[in-house]
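J.: Please find one structure pasted underneath; my questions will follow.
Residue numbers (the numbering used here), protein chains in the order written: chain L, 41 to 174; chain Y, 4 to 388.
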């Protein structure tokens, strides 16, 4: 379903923040699609790297709900190929940081059953609890 | 883009969106300009706004537009909307155009004599154009074109004597009976009556199109380099020794288009029917009914008059005269009792190579069904021996 989007001041702020975090000028993106075309994991993504760039540029914060930035392995293929010399993986990283700074905790200790807790690698459990502490 | 970057430079907090359908930074240094505006944070969205509505309270303007790159519809409010219009020629140009008799092309700008070979000349001798009078362009291109126009003006002014084409009409003062019929048949009003009550050609105005010649009942008018004697002799030579049973298409090819097409066909070694014989004419207006009749008398089976497409004609008038001449010739053929369509008219542009071949092939096919004109009928077609 196509939906209508609104260009807002919040969106402009969001773009500014991502540009500051990544150090990249996202408005320079030409939407040529070279990044998506070269990405080795693009099949696993729900939206493509070039769409990430576009949505960020238009200030669409829904971009933070996509899987793409978590699937990005920072292999730098997009960075090497970008004709505008933008570092798309840095933008990915900036989006991950922004999402993490929202400090949404998806792990509720009460939801973990005893059997699961025994199965889980202890290092994963420790990381999950330390996530917002530093 | 320029205005947007100026605004962004003056007020960096402004959020600027540029909606476009296609963006080409074609000139030297223009791509850098585009990159610079993107770097400043101006956002380029590919898509044409479909409608604008004004909010009656906030006076903001809401725009609905599809971002065709991300396939999303944007509906948003803007404080200021700037519409970019296409460039046109100022209305003030109309009196100038009327005064100097300058032609305008379909896009509304002044027309140049030739887009490639004469880009700053106009169809009017001694008048030159440059800059946005000729078409939309930027400052460097305008300066380049203006320099060219200035150089062309200097060429004209530096001459002690102004040289003109030798292909000019002339009047045989002994034959002219002063009927004044030719006066209205000159597109440039280059024929005047002299003190002796005879017509005279003003050579500085004459274009050498030959449109006037058919109008002269006494054959006093003629055209240098294309005199009637020369043309009749050409027809004689072309149709001399025509073998029994063979047919001939005589093509009167106008010099601007049809002759060039035929020339290009030769250069490219393209084949067309060997029944074709080509004669070069200054324009279709020079093809008088007498010439056509003489061609039939000497053995041509069909005649094709080739002309330019009317938009490409240096003088559109010649086409009108040419068509009138053809009508006269057709009537004369009918009166003489000649069967069938034998006179064809076709407009070519300089690139219509295949169409020329197709045209003569079709004529050749029709010609197979035509009986040869009998020699008695032939004799009656034209008074000239």
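Idealized CB from N, CA, C, for every residue including glycine. Predicted, not measured: the structure shown is a model, and the values here were computed from it.
Thinking just about the alpha-carbon of each residue, which of Y:8, Y:46 and Y:35 is nearest to the one in residue 23 (chain Y)?
T.: Y:46
J.: Compute the Euclidean distance between the alpha carbons of residue 4 (chain Y) and residue 50 (chain Y), then round it to the nearest angstrom.
T.: 16 Å
J.: Can you check whether the C-beta of residue 58 (chain L) is within less than 8 Å of a C-beta belonging to chain Y?
T.: no
J.: Just to confirm before moving on: does the CB-CB distance between residue 174 (chain Y) and residue 193 (chain Y) stay below 8 Å?
T.: no
J.: State the DSSP-derived secondary structure class of residue 337 (chain Y), mapped to helix, strand or coil.
T.: helix
J.: Within 8 Å (strictly less), CB to CB, does residue 32 (chain Y) reach chain L?
T.: no
J.: Can you check whether the CB of residue 103 (chain Y) is closer than 8 Å to the CB of residue 127 (chain Y)?
T.: yes
J.: Checking the sheet assignment: what are the DSSP bridge partners for residue 382 (chain Y)?
T.: Answer is none; residue 382 (chain Y) lacks a bridge partner.
J.: Helix or strand or just coil, what does DSSP make of residue 78 (chain Y)?
T.: strand
J.: What separation, rounded to the nearest whole angstrom, lies between the Cα atoms of residue 298 (chain Y) and residue 118 (chain Y)?
T.: Looking at the backbone, the Cα of residue 298 (chain Y) and that of residue 118 (chain Y) are separated by about 37 Å.
J.: Cβ atoms of residue 384 (chain Y) and residue 296 (chain Y): under 8 Å apart, would you say?
T.: yes
J.: Excluding the 5 residues flanking residue 340 (chain Y) on each side, which residues of the same chain have their C-beta closer than 8 Å to its C-beta?
T.: 380
J.: Report the three-state DSSP secondary structure of residue 167 (chain Y) (helix, strand or coil).
T.: coil
J.: Which class does residue 141 (chain L) belong to by DSSP, given the choice of helix, strand or coil?
T.: Residue state, collapsed to three classes: helix.
J.: Is it right to say residue 17 (chain Y) is buried, meaning 16 or more other beta carbons lie within 10 angstroms of its own, or is it exposed?
T.: exposed
J.: Quick one, which of Y:325, Y:89 and Y:244 has its alpha-carbon nearest residue 346 (chain Y)'s?
T.: Y:325
J.: Mapping DSSP to helix, strand and coil, what is residue 162 (chain L)?
T.: helix
J.: How would you label residue 259 (chain Y), buried or exposed, when you count the other beta carbons within 10 angstroms and need 16 or more for buried?
T.: buried
J.: Mapping the DSSP letters down to three states, classify residue 251 (chain Y) as helix, strand or coil.
T.: If DSSP states are grouped into helix, strand and coil, residue 251 (chain Y) belongs with coil.
J.: Could you spell out where the beta strand (DSSP E) holding residue 311 (chain Y) opens and where it closes?
T.: Segment 305 to 311, the beta strand (DSSP E) holding residue 311 (chain Y).
J.: Does DSSP classify residue 84 (chain Y) as helix, strand or coil?
T.: coil
J.: Three or more C-beta pairs closer than 8 Å, one from the stretch 309 to 318 of chain Y and one from the stretch 197 to 204 of chain Y: is that the case here?
T.: With fewer than three CB-CB distances shorter than 8 Å, the stretch 309 to 318 of chain Y does not count as touching the stretch 197 to 204 of chain Y.
J.: Using a beta-carbon distance below 8 Å, is residue 64 (chain Y) in contact with chain L?
T.: Judged by the 8 Å Cβ criterion, residue 64 (chain Y) is not in contact with chain L.
J.: For the putative contact between residue 253 (chain Y) and residue 306 (chain Y), defined by C-beta atoms under 8 Å, what is the C-beta separation to the nearest angstrom?
T.: 5 Å
J.: Please list, in chain order, all residues of the same chain as residue 224 (chain Y) whose beta carbon is under 7 Å from its beta carbon, the five residues on each side excluded.
T.: 172, 174, 185, 215 and 216
J.: Tell me the rounded alpha-carbon separation between residue 65 (chain L) and residue 52 (chain L).
T.: Each residue's Cα considered, the two are about 13 Å apart.
J.: In this structure, what does DSSP give as the bridge partners for residue 346 (chain Y)?
T.: Y:306
J.: Use the C-beta contact count for residue 378 (chain Y): other C-beta atoms within 10 angstroms, 16 or more gives buried, fewer gives exposed.
T.: exposed
J.: Just to check my reading of the structure: residue 196 (chain Y) and residue 183 (chain Y) have Cβ atoms closer than 8 Å, yes? What is that Cβ distance to the nearest angstrom?
T.: Going by Cβ atoms, the distance from residue 196 (chain Y) to residue 183 (chain Y) rounds to 7 Å, so yes, they are a contact pair.
J.: For chain L, check one thing: does any of its Cβ atoms lie closer than 8 Å to the Cβ of residue 35 (chain Y)?
T.: Chain L contact via Cβ: absent.
J.: Beta-carbon of residue 78 (chain Y) versus every beta-carbon of chain L: anything under 8 Å?
T.: Yes, because at least one Cβ of chain L sits closer than 8 Å to the Cβ of residue 78 (chain Y).
J.: So with Cβ pairs under 8 Å, would you call residue 94 (chain L) a contact of chain Y?
T.: By this cut-off, residue 94 (chain L) is an interface position.
J.: Is it the case that the Cβ atoms of residue 92 (chain L) and residue 131 (chain L) are separated by a distance below 8 Å?
T.: Yes, they are a contact pair.
J.: Work out the CA separation of residue 99 (chain Y) and residue 136 (chain Y) for me, nearest whole Å.
T.: CA-CA distance, residue 136 (chain Y) to residue 99 (chain Y), rounds to 11 Å.
J.: Under DSSP, the alpha helix (DSSP H) around residue 58 (chain L) begins and ends at which residues?
T.: 49 to 62
J.: When you compare the CB of residue 9 (chain Y) with every CB in chain L, is at least one pair closer than 8 Å?
T.: Under the Cβ distance rule, residue 9 (chain Y) does not count among the residues neighbouring chain L, no pair being separated by less than 8 Å.
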